[in-house]
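Beneath this line is the structure, given in structure tokens, with notes to follow.
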Amino acid sequence: MWTHENRGLYERKGARYPSDLRDQEWALIAALIPPAKHGGRPRTVDPREVMNGVLYVLETGCQWRALPKNLPPKSTVHGYLELWEWDGTLERIHHELYLLARDVEGREASPTAGVIDSQSVKSAEKGGPRSTRRAMTRARRSRARSVTSWSTPSV
């Protein structure tokens, strides 16, 4: 609920963009970002600025080429996003923030109940295992597409 006290928690005064991470937010995820690899070229980009670039694209819905010039280049931000997706960094960040949010609300780490609405049950009943098997099997090659054609006369 938006109360006078609550508004102060979410206010973004002084931030460059509304999507930029505040110091408290960065402190929660900074330890989850993997350090630079040993050997090779040293890391020259600030991971916080990369995360700010990712959040800017997600919040504004802009194209990668429309990233502001004071954020890292689009290729760098996109490259780190792909790397963090591949190595599981984004999944770890999501999981830690999920656990923290449940803890703040006074809930257990994992949900103890689930809700299934009647529409979901109806959808699952129609398809069943028969329809999923059909979608997962490979298509068979047609005999008409074979290398030899029966319509040409043999010599």
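The sequence shown begins at 931 in the numbering used here and counts up one residue at a time.
Here a beta-carbon is modelled for each residue, glycine too, at the ideal position from N, C-alpha and C.
Contact check, residue i vs residue j, beta carbons under 7 angstroms
i: Leu1029; j: Ala1039; result: yes
i: Leu997; j: Ser949; result: no
i: Pro1086; j: Val975; result: In the structure as shown, the chain starts at 931 and stops at 1085, and residue 1086 therefore has no counterpart that could be examined.
i: Arg978; j: Trp956; result: yes
i: Ile1023; j: Leu951; result: no
Backbone CA spacing between residue i and residue j [nearest angstrom]
i: His934; j: His1008; result: 38 angstroms
i: Thr1096; j: Val980; result: Residue 1096 lies beyond the stretch modelled for the chain, which goes from 931 to 1085, so this question has no answer here.
i: Asn1000; j: Asp1047; result: 47 angstroms
i: Pro964; j: Leu988; result: 21 angstroms
i: Tyr947; j: Leu958; result: 19 angstroms
i: Glu1035; j: Glu1026; result: 14 angstroms
i: Arg1032; j: Gly969; result: 39 angstroms
i: Gln993; j: Asn982; result: 15 angstroms
i: Glu1021; j: Thr1042; result: 21 angstroms
i: Lys1004; j: Leu1013; result: 14 angstroms
i: Asp1017; j: Gln1049; result: 36 angstroms
Collapsed DSSP secondary structure at residue i in the structure displayed
i: Arg1022; result: helix
i: Ser1079; result: The predicted position of Ser1079 is uncertain, since its pLDDT is 49 and thus under 50; no value can be drawn from it.
i: Ala961; result: helix
i: Gln1089; result: Outside the modelled stretch of the chain, which goes from 931 to 1085, sits residue 1089, for which no answer is possible.
i: Arg1028; result: Here the sequence assigns Tyr to residue 1028, which means Arg is not the residue at that position. In this structure, Tyr1028 counts as helix in the three-state DSSP scheme.
i: Arg971; result: coil
i: Glu979; result: helix
i: Asn1000; result: coil
i: Asp1047; result: coil
i: Tyr986; result: helix
i: Gly1036; result: coil
i: Asp950; result: coil
N- and C-terminal bounds of the alpha helix (DSSP H) containing residue i
i: His1086; result: Lying before the first or after the last residue shown, residue 1086 is absent from the chain, which here runs from 931 to 1085.
Interface flag, residue i vs chain D, CB-CB below 7 angstroms
i: Asp976; result: The question asks about chain D, but that chain is absent: this structure has only one protein chain.
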